[in-house]
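These notes concern the structure reproduced below.
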Amino acid sequence: MMDRIQRLLVEVLTESQGGGTSLLGSIKIAVLPIAKVFTMCFMGFLMASKYVNILPANGRKLLNGLVFSLLLPCLIFSQLGQAITFEKMLQWWFIPVNVVMATISGSIIGLVVATIVRPPYPFFKFTIIQIGIGNIGNVPLVLIAALCRDKSNPFGDSNKCSQDGNAYISFGQWVGAIVLYTYVFHMLAPPPEGTFDIEDGHLPMKAPNRDSSHAAAKDSSPEQLPLLAEEPAVPVSTSSQKNKIKEFFKFLYEKLKLKQIIQPPIIASILAIFLGCVPFFKKLIFTSDAPLYFFTDSCMILGEAMIPCILLALGGNLVQGPGSSKLGLRTTAAIIFGRLVLVPPTGLGIVTLADKLGFLPAGDKMFRFVLLLQHTMPTSVLSGAVANLRGCGREAAAVLFWVHIFAVFSMAGWIILYLSILF
1 MMDRIQRLLV EVLTESQGGG TSLLGSIKIA VLPIAKVFTM CFMGFLMASK
51 YVNILPANGR KLLNGLVFSL LLPCLIFSQL GQAITFEKML QWWFIPVNVV
101 MATISGSIIG LVVATIVRPP YPFFKFTIIQ IGIGNIGNVP LVLIAALCRD
151 KSNPFGDSNK CSQDGNAYIS FGQWVGAIVL YTYVFHMLAP PPEGTFDIED
201 GHLPMKAPNR DSSHAAAKDS SPEQLPLLAE EPAVPVSTSS QKNKIKEFFK
251 FLYEKLKLKQ IIQPPIIASI LAIFLGCVPF FKKLIFTSDA PLYFFTDSCM
301 ILGEAMIPCI LLALGGNLVQ GPGSSKLGLR TTAAIIFGRL VLVPPTGLGI
351 VTLADKLGFL PAGDKMFRFV LLLQHTMPTS VLSGAVANLR GCGREAAAVL
401 FWVHIFAVFS MAGWIILYLS ILF
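Numbering (our numbering), first residue to last: 1 to 423.
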């Protein structure tokens, strides 16, 4: 009897599944990239620890700046520019839509979780954001690179696998940046008290109503104003029409936070889309026999350094540990559960429905895989940077620490499921 059960188990594990990949093969393909990511993060953690201390806080800050300002834009420019055409851009329209839908669905789940858990005041909106905003850029790029490096990956040729995956991910990053520096920035606004460092942990979940004049005085800082707040009426000036137009654009620039939205990775994405969609520029820059291909090749070399650098920096940032967070164990566990367990099934439903409705390119499994990854990632590291600007960086660091630790296991499980569905 035991021998029969053992033979049946072996047959189930080794039986081909649709695309010719066994369950053990799917587990190997899913787990190995996670293992590579964890190993490189651990090296960064070790280098930043007090026992080695060759990657201190200042060094990690410089490394993060190098990745964000140079290495990541180079990777996006070279990979997206080579892959994209005007026809493909029309086919890829669902990628930015998927980013927006991931934000909406994640925020709704975050709202439900926060309503049930009732996080300590004033971290209600903070809890929603930590569940709703996933990492759609850095971590997926790392996973695609680790997955495609394996010759036995189910997506075929390693170079095409990597180029297509990076292009799909990069194409959605500009939407993610807009969401981050508009929606997230204002959701993480400090409470009426002006700070998140409130000693009394027994305050109500929401601030009590105050006199309108008092609230107006508290919210007089620029960060508390809504994005499209109306300016107070000013006397009619004798300035020329040209100066009025200039002032209007300056007003839009400041209120829409364009300086924060237009970051190096977004500039690289816009340039790659524009140059890649124009046949003349594509032949001039991105084809292997192009006169200016040396520039693209240099960007590719620099872009290859992005993966190890960002993982070393991420692992080094985890050395700070959970810190003295005021969220509490219950809220932190709820955020981890909501982000890593509740959000991915919703994303699977969205992508499956879009596929049934014919919104996705036929037969492109990497396209579908990237869409699913956008719903599966841990909380965005950049949302932690925005939280730091808004005064709740300590709590964000604690959440990022625990979410990324548990994401090592959750991502492996979800990737196994996605591969079994796609293949």
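The beta carbon of each residue, even a glycine, is placed where N, CA and C say it ideally should be.
These figures come from a predicted structure and were not determined experimentally.
Starting from glycine 358, follow its DSSP beta bridges and name the residues at the other end. If you number the sequence shown from 1, residue 358 lands on position 358. None, per the DSSP bridge assignment.
To the nearest angstrom, report how far apart leucine 302 and isoleucine 27 are at their CA atoms. Counting from one through the sequence shown, the residue named residue 302 turns up at place 302. Counting from one through the sequence shown, the residue named residue 27 turns up at place 27. Their backbone Cα atoms lie some 32 angstroms apart in a straight line.
So, is valine 37 buried or exposed, given that buried needs 16 or more other C-beta atoms within 10 angstroms? Here residue 37 refers to the residue found at position 37 of the sequence shown. Buried.
Can you give me the C-alpha to C-alpha distance between leucine 124 and valine 117, rounded to a whole angstrom? What you label residue 124 is simply residue 124 of the sequence shown in a count that begins at 1. What you label residue 117 is simply residue 117 of the sequence shown in a count that begins at 1. Note that residue 124 is phenylalanine in the sequence shown, not leucine. Cα-Cα distance, rounded: 10 angstroms.
Out of curiosity, what's the CA-to-CA distance linking valine 31 and alanine 146? Residue mapping note: residue 31 aligns to position 31 of the sequence shown, counting from 1. Residue mapping note: residue 146 aligns to position 146 of the sequence shown, counting from 1. Between valine 31 and alanine 146, the C-alpha separation is close to 10 angstroms.
Quick one: Cα of methionine 377 to Cα of threonine 287, how far? To locate residue 377, count along the sequence shown from 1; it is residue 377. To locate residue 287, count along the sequence shown from 1; it is residue 287. When rounded, the distance between both Cα atoms is 33 angstroms.
Here's the rule: buried if 16 or more other CB atoms are within 10 angstroms of the residue's CB, otherwise exposed. What is proline 291? Here residue 291 refers to the residue found at position 291 when the sequence shown is read from its first residue. The residue in question, proline 291, is exposed, as its Cβ has fewer than 16 Cβ neighbours within 10 Å.
Counting only the same chain and skipping the five closest in sequence on each side, list residues whose C-beta sits under 6 angstroms from that of glycine 334. Your numbering for residue 334 matches position 334 in the sequence shown. Checking the displayed sequence, the identity of residue 334 turns out to be alanine instead of glycine. If we look at alanine 334 and ignore the five residues flanking it on each side, its Cβ neighbours are Val113, Val117.
Helix, strand or coil at aspartate 219 according to DSSP, with G and I counted as helix: As a working note, residue 219 is residue 219 in the sequence shown. Interpretation of aspartate 219 is limited by its pLDDT of 44, a score under 50 that renders its predicted location unreliable; no figure is taken from the coordinates.
Let me know if asparagine 243 comes out buried or exposed under the rule of 16 or more other beta-carbons within 10 Å of its beta-carbon. Walking along the sequence shown from the start, residue 243 turns up at place 243. Burial call: exposed.
Any heavy atom of the ligand GDP within a distance shorter than 7 angstroms of the CB on glycine 328? As for the ligand GDP, it is missing from this structure, which has no ligand bound.
Chain D beta carbons: is any one of them nearer than 8 angstroms to that of leucine 71? Absent here is chain D; the protein component of the structure consists of one chain.
Going by Cα to Cα distance, which pick from Ala407, Lys365, Ala272, Cys148 is closest to cysteine 41? Mapped onto the sequence shown, residue 41 falls at position 41. Of Ala407, Lys365, Ala272, Cys148, the residue nearest in Cα terms is Ala407.
To the nearest angstrom, how far is the alpha carbon of histidine 404 from that of leucine 419? Within the sequence shown, the letter at position 404 stands for residue 404. Within the sequence shown, the letter at position 419 stands for residue 419. Those two C-alpha atoms are separated by around 22 angstroms.
Limits of the unbroken alpha helix (DSSP H) element including isoleucine 333: As a working mapping, residue 333 is identified with position 333 in the sequence shown. Correcting the residue type first, residue 333 is alanine in the shown sequence and not isoleucine. It spans 328-337 - the alpha helix (DSSP H) in which alanine 333 sits, taken as one unbroken run.
Identify, in the order they occur along the chain, each residue of the same chain with its Cβ nearer than 8 angstroms to the Cβ of tyrosine 183, setting aside the five sequence neighbours on each side. Indexing the sequence shown from 1 puts residue 183 at position 183. The answer, listed in chain order, is Thr103.
Extent of the continuous alpha helix (DSSP H) run through isoleucine 178: In the sequence shown, counting from the first residue as 1, residue 178 sits at position 178. Element bounds for isoleucine 178: 173-179.
Could you work out which residue in Ile84, Gly65, Pro120, Lys50 is closest to arginine 330 when comparing CA atoms only? In the sequence shown, the residue the question calls residue 330 occupies position 330. For the residues Ile84, Gly65, Pro120, Lys50, the minimum Cα distance to arginine 330 belongs to Pro120.
Give me whichever residues DSSP pairs with threonine 379 in a beta bridge. Reading the sequence shown from its first residue, position 379 is the one you call residue 379. Threonine 379 is bridged to Gly134.
For valine 386, name the three-state secondary structure that DSSP assigns. Locating residue 386 in the sequence shown gives position 386, where the first residue counts as 1. Helix.
At the level of alpha carbons, what is the spacing between lysine 88 and lysine 50? Mapped onto the sequence shown, residue 88 falls at position 88. Mapped onto the sequence shown, residue 50 falls at position 50. Looking at the two C-alpha atoms, the distance is approximately 49 angstroms.
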